[in-house]
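Trainee: The following block contains the structure, expressed as structure tokens.
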Amino acid sequence: MRDNPFEEIERMFERMSEQFEEAQPGRMMTGTVLVDVEDRDDEFVVTADLPGFDREEIELELRDDTLELSASRETTEETESGTFVRRERRRSDVSRSVYLPEPVVAEETTAVHENGVLTVTLPKVTTEGSGGTDIPVS
């Protein structure tokens, strides 16, 4: 009876993964955030999935007609008990710029992060503002 060829392929990928980890210890994972932008009559609602990030790790800034979203997380090297056999979740950074087709009221913008989902509500205005505004996440 022949061996299962898929088992050999799985072992090969596992070896390749281990070699990659050894070649780049402490590597930083970066990526983009997938978003939904909903145009309601009097506001835009931007929804982004940010699983694994705490509210304090998320930064939002509104510049003219663009919402700048970024999140950064770094795990500690300490554990309560035991030793890591495999460690892949060291650091991750994600970011995204979301263009808004109409000007919004920066002072009335709200953001809520709940269960790994960020929801930013941006009320529309008729005149453009200038500069940038930080948005607190609750």
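What the sequence shown shows, in the numbering used here, is residues 1114 to 1251, in sequence order.
Glycine is no exception: its CB is placed at the ideal position from the N, C-alpha and C atoms.
(1) State the DSSP-derived secondary structure class of residue 1197, mapped to helix, strand or coil.
(2) Beta carbon of residue 1237, beta carbon of residue 1149: below 8 Å?
(3) Using 10 angstroms around the beta-carbon of residue 1123, count the other beta-carbons present and answer buried if the total reaches 16, otherwise exposed.
(4) Could you pull the start and end residues of the beta strand (DSSP E) that residue 1184 belongs to?
(5) So what does DSSP say about residue 1157, is it helix, strand or coil?
(6) Go to residue 1225, then tell me how far its beta strand (DSSP E) extends in each direction, as first and last residue.
(7) If residue 1223 and residue 1158 are in contact, beta carbons under 8 Å, what's the gap, nearest whole angstrom?
(8) By how many angstroms is the C-alpha of residue 1200 removed from the C-alpha of residue 1230?
(9) By alpha-carbon positions, which one of 1235, 1194, 1179 ends up nearest to residue 1257?
(10) Which one of 1234, 1205, 1227 has the shortest CA to CA distance from residue 1216?
(11) Out of 1169, 1182, 1251, state which residue places its alpha-carbon closest to the alpha-carbon of residue 1161.
(12) Starting from residue 1176, follow the beta strand (DSSP E) in both directions and report where the run begins and ends.
Mentor: Based on what the coordinates show:
(1) coil
(2) no
(3) exposed
(4) 1179-1187
(5) strand
(6) 1223-1227
(7) So it is not a contact: roughly 10 Å between Cβ atoms.
(8) 25 Å
(9) For residue 1257 there is no data in the structure shown, the boundaries of the chain being 1114 and 1251.
(10) 1234
(11) 1182
(12) 1171-1176
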